[in-house]
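Each remark here refers to the structure printed beneath this line.
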Amino acid sequence: MNAFKQFADKVDNLFVEHEKVTEIYEHLDALPTQQRSRHSFILGGGGVGKSQMAKNYLKKYPGHTIVDDEGTEVDIRPVVYLETPHPFTWKELYYAILKSLGVSRIAGNVGDLKERVLYLLRRQQVKKIIFDEIHSVLTSTAVSNRAVMEHLKHISNETNVSLILIGTSAAKQLRDLDDQYKTRFRVKYLRRFEECDHSFCHFLKLIEDQLSLPFPLGLANMDTGFPELLHYQSKGKVGFLIPIIQEAFRQKGIHNEDFNDFEKAKISISDLDRAYRIVVGDEETEESFEEDEIFIKTI
Ligand SMILES: Nc1ncnc2c1ncn2[C@@H]1O[C@H](COP(=O)(O)OP(=O)(O)O)[C@@H](O)[C@H]1O
Ligand SMILES: [Mg+2]
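Laid out in structure tokens, this is it:
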């Protein structure tokens, strides 16, 4: 792959392990050692990078294959990731867990599926299950919130896995259902960059470092106007920031066959303005940048 194609790939695959993310990784790493509270809620508004953070965590623990006493190969998976099914049913939950364990849909009633899930969680030595989009439980009607929580606790008691529940801040209601959950589940927030401050600029610098262009763009340099503009455009949410930057580069033609000069990839304030209008559109309002709130369901 030539250097220009490589650069386009870097732009497409930007993932920056910034300090808010590393703090959560350290928290997740430590969970199994905390016997009494080895579960966690990771909460934050839409577009702050929760799912990307979780998927990247999964990559850090890819697992390996062993051969058991009977000569069968077993995929050891220390961490698994799944999206909480919506609408939530027990069957869909088990299918989602099975899929995360590399098992396709098998026939069986709920009891059979549950047995299979518990067996495989032990056999594949799963230590942590990440349930993304856990807030979707709040708007599912087939099963009560408490029943879901009790059930997840049961899975954990049977297999010793840590539960990592990721969702919007509304999902904290699930923890508030019972004092016991409050002891067992810690809470961590992944927040947007609230201010255009040192921490936001550091994030921009990590982006620029990752792109490693042969000249400075100045993304993190206050004198260029980039940090202020990007913070204004994204409201400090990586879910807006990264697509805006990607679009600005796309407009510069970095994905074209004939892209062969890094100077042409030099983005300006007006490039970002254009990219912002394309990515965010015209309908974006202040409200939709607010932290996701709130659907209350009676329990
Ligand atoms: N740490 C990160 N570094 C770079 N880009 C990120 C990062 N986290 C998220 N993104 C970008 O933001 C988008 C939205 O992130 P996502 O994880 O889906 O947010 P959430 O799950 O909180 O709604 C991703 O598609 C990706 O483009
Ligand atoms: Mg998400």
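In my numbering, the protein residues as written are 35 to 333.
A virtual CB, placed ideally from N, CA and C, is assigned to each residue, including glycine.
Please state whether DSSP places residue i in a helix, a strand or coil.
i      : result
Phe293 : coil
Gly145 : helix
Arg337 : The displayed coordinates of the chain run from 35 to 333. Any statement about residue 337 would go beyond what the structure contains.
Tyr95  : coil
Tyr129 : helix
Val272 : helix
Phe165 : strand
Glu324 : With a pLDDT of only 49 at Glu324, under the threshold of 50, the placement of this residue in the model should not be trusted, and no figure is reported.
Arg222 : In the sequence under discussion, the amino acid at residue 222 is Lys, which differs from the Arg named in the question. Three-state DSSP puts Lys222 in a strand.
Leu199 : strand
Phe75  : strand
Glu281 : helix
Ile58  : helix
Ile189 : helix
Glu242 : helix
So, using beta-carbon positions, are residue i and residue j closer together than 8 Å?
i      : j      : result
Phe165 : Thr99  : no
Val82  : Lys271 : yes
Tyr128 : Val113 : no
Pro250 : Ser174 : no
Lys222 : Ser85  : no
Ala130 : Ile168 : no
Leu306 : Ala282 : yes
Roughly how many angstroms separate the alpha carbons of residue i and residue j, rounded to a whole number?
i      : j      : result
Lys44  : Asp102 : 40 Å
Phe38  : Asp295 : 8 Å
Ala141 : Arg226 : 43 Å
Arg150 : Ser71  : 26 Å
Ile76  : Arg308 : 34 Å
Ile163 : Ser304 : 44 Å
Leu238 : Glu53  : 12 Å
Glu184 : Glu60  : 27 Å
Val55  : Cys235 : 15 Å
Ala254 : Arg111 : 38 Å
Leu62  : Arg157 : 22 Å
Ala42  : Val137 : 34 Å
Asp212 : Glu104 : 44 Å
Glu51  : Thr202 : 21 Å
Gly315 : Gly78  : 23 Å
Glu324 : Glu228 : Only weak support is given to the placement of Glu324: the predicted model assigns it a pLDDT of 49, under 50, and the value that follows is read from those uncertain coordinates. Their backbone Cα atoms lie some 11 Å apart in a straight line.
Cys230 : Leu264 : 9 Å
Tyr215 : Arg209 : 5 Å
Gly97  : Val144 : 28 Å
Phe49  : Val313 : 18 Å
Leu116 : Pro248 : 39 Å
Met35  : Thr258 : 32 Å
Ile200 : Gly80  : 11 Å
Ala181 : Asn194 : 19 Å
Check the C-beta distance from residue i over to residue j and give it rounded, since I have them as a contact under 8 Å.
i      : j      : result
Leu65  : Ser196 : 5 Å
Leu132 : Glu192 : Incorrect: roughly 16 Å between the Cβ atoms, too far for contact.
Phe260 : Ser268 : Going by Cβ atoms, the distance from Phe260 to Ser268 rounds to 12 Å, so no, they are not a contact pair.
Lys125 : Leu147 : 6 Å
Looking at residue i and ligand 1, is the gap between the Cβ and the nearest heavy atom below 7 Å?
i      : result
Val55  : yes
Phe49  : yes
His52  : yes
Pro261 : no
Val45  : no
Pro334 : No information on residue 334 is available, as it lies outside the stretch 35 to 333 that the chain covers here.
Gly270 : no
Met256 : no
Gly81  : yes
Gly78  : yes
For ligand 2, any of its heavy atoms closer than 7 Å to the Cβ of residue i?
i      : result
Lys84  : yes
Asp166 : yes
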